[in-house]
Amino acid sequence: MGSLSLSAISKSFGVVDVLKGVDLDVAAGEFVVFVGPSGCGKSTLLRVIAGLDEQTSGDLRIDGLLMNSVPPAKRGIAMVFQSYALYPHLTVARNMGLALSQEGIAAADIKRRVETASALLRLDALLDRRPAELSGGQRQRVAIGRAIVRQPSLFLFDEPLSNLDAALRAGTRIEIAKLHRQLGATMVYVTHDQVEAMTLADKIVVLRGGIVEQVGRPLELYARPANLFVAGFIGSPTMNFIGGDSAARLRAATIGVRPEHLLVAPESAGAGAWIGAVSHAERLGADTMLYVDVPEVDVLGAGMLTARILGDIDYAVGDRVGLTPQAGKVYRFDDDGNSIAA
Ligand SMILES: Nc1ncnc2c1ncn2[C@@H]1O[C@H](COP(=O)(O)OP(=O)(O)O)[C@@H](O)[C@H]1O
Ligand SMILES: [Mg+2]
């Protein structure tokens with residue numbers, strides 16, 4: 000239950016075309032994450048799936064049934080937003096059960112469902128509190144609980160963790176992953192957070208300007224990006240892109256190397272495809288980001304190469320180093336920015 004199929008979904012607001020023919024199949028029980036730059040249409044696509052916005056054209060099916068003009072409440076969907084939108088004067092239990100009582104569901108049934116959801120979300124001890132007496136993370140769990148009690152076959156999340164600080168985000172992310180395993184429901188999740196996308200998704204959908212750039216498993220996108228955009232969007236720090244002679248020698252318009260695939264050695268060692276001077280180092284403990292000025296290399300964007308090295312390093316600003324891509328880890332792109340097969 001909860002499979003989803005989008006066929007040529009377009010959405011325009013007046014003269015602005017926001018979604019431009021989105022095709023997507025989501026299997027029942029799958030966890031799909033939409034990523035893409037701000038304004039690319041992620042929320043709009045989610046709202047179309049929920050029925051809060053109607054597509055301008057195209058077909059939307061849930062469990063094979065055409066949903067084009069089915070109202071939101073009849074789609075078997077629950078949505079969790081970035082803002083929790085809890086009622087401040089109601090307890091946690093009442094917030095979670097409110098939609099159910101409005102639907103006329105029996106009080107005993109509501110109580111049972113709220114208890115089940117609050118056990119899943121470890122909210123049992125907080126059922127009598129009001130939102131003001133909860134932390135941000137607890138409030139977001141109540142918002143998720145409110146979705147769970149409706150027993151949807153399809154959950155939609157729109158950047159649900161954006162308002163939480165980094166530590167809470169990490170914890171809640173793990174809870175959402177567990178929840179998905181326990182409920183087995185289909186989840187469609189919007190985020191601009193790389194780590195959330197890579198760790199939660201069975202399948203990532205990369206959107207740009209209302210168009211699907213690539214769909215694939217997280218490590219598939221990392222290993223085999225279809226084009227420059229996906230290559231630059233997936234992976235952090237971002238891939239180094241190089242044009243000019245370095246690319247031409249490999250019969251490409253642009254080549255790409257991820258920071259973790261650049262080997263660094265002192266220039267005196269005599270090795271190194273590209274030679275330059277260390278311009279900055281960021282020491283994070285577990286690893287170090289080394290930024291290297293390579294004046295003779297046509298580095299696109301930043302103008303510097305970024306190398307990620309495990310652990311600490313001895314290099315200081317100004318040191319001369321040679322950088323070499325690991326064998327088999329150079330991506331090649333053509334004039335149109337599309338990947339050239341290895
Ligand atoms: N109700 C609306 N009316 C007009 N334009 C809208 C409306 N909703 C969204 N848009 C526009 O659609 C584009 C995509 O928005 P959105 O789906 O919110 O992007 P994202 O969630 O990827 O950041 C933006 O340019 C936004 O201004
Ligand atoms: Mg959005």
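Position 219, counted from 1, in the sequence shown is what numbering that gives the first Met the number 0 calls 218; the numbers after and before it change by one each time, with no gaps. C-beta atoms are modelled at their ideal positions from N, C-alpha and C, and glycine is treated no differently. Remember, it's a predicted structure, so these values are computed and weren't measured experimentally.
Every residue whose beta carbon comes nearer than 5 Å to a heavy atom of ligand 1 appears here in chain order: F12, V17, S37, G38, C39, G40, K41, S42 and T43. Only residues of its own chain outside the window of five on either side were considered, and among them P87, H88, L89, T90 and V91 have a CB closer than 8 Å to the CB of R129, listed in chain order. For the options F33, V17 and V25, the alpha carbon positioned closest to that of E53 is the one of V17. DSSP places L283 in the coil class of the three-state scheme, outside both helix and strand. In the three-state DSSP reduction, D318 falls in the coil class, being neither helix nor strand.
Check the Cα spacing between A251 and each of F30, E132, S338 and E219: the tightest is with S338.
If you compare the alpha carbons of G40, V34 and R331 with that of V15, the shortest gap goes to G40.
Secondary-structure assignment with DSSP links D157 through a beta bridge to V189. In chain order, D157 place their CB closer than 6 Å to the CB of F80, counting only its own chain and leaving out the 5 sequence neighbours on each side.
About 7 Å separates the beta carbon of L45 from that of V187, a gap short enough to meet the 8 Å contact definition.
Collapsing the DSSP output to three states places Q325 in coil. As the crow flies, the alpha-carbon of I175 is around 44 Å from that of S245. The C-alpha of H260 is placed about 15 Å away from the C-alpha of G310.
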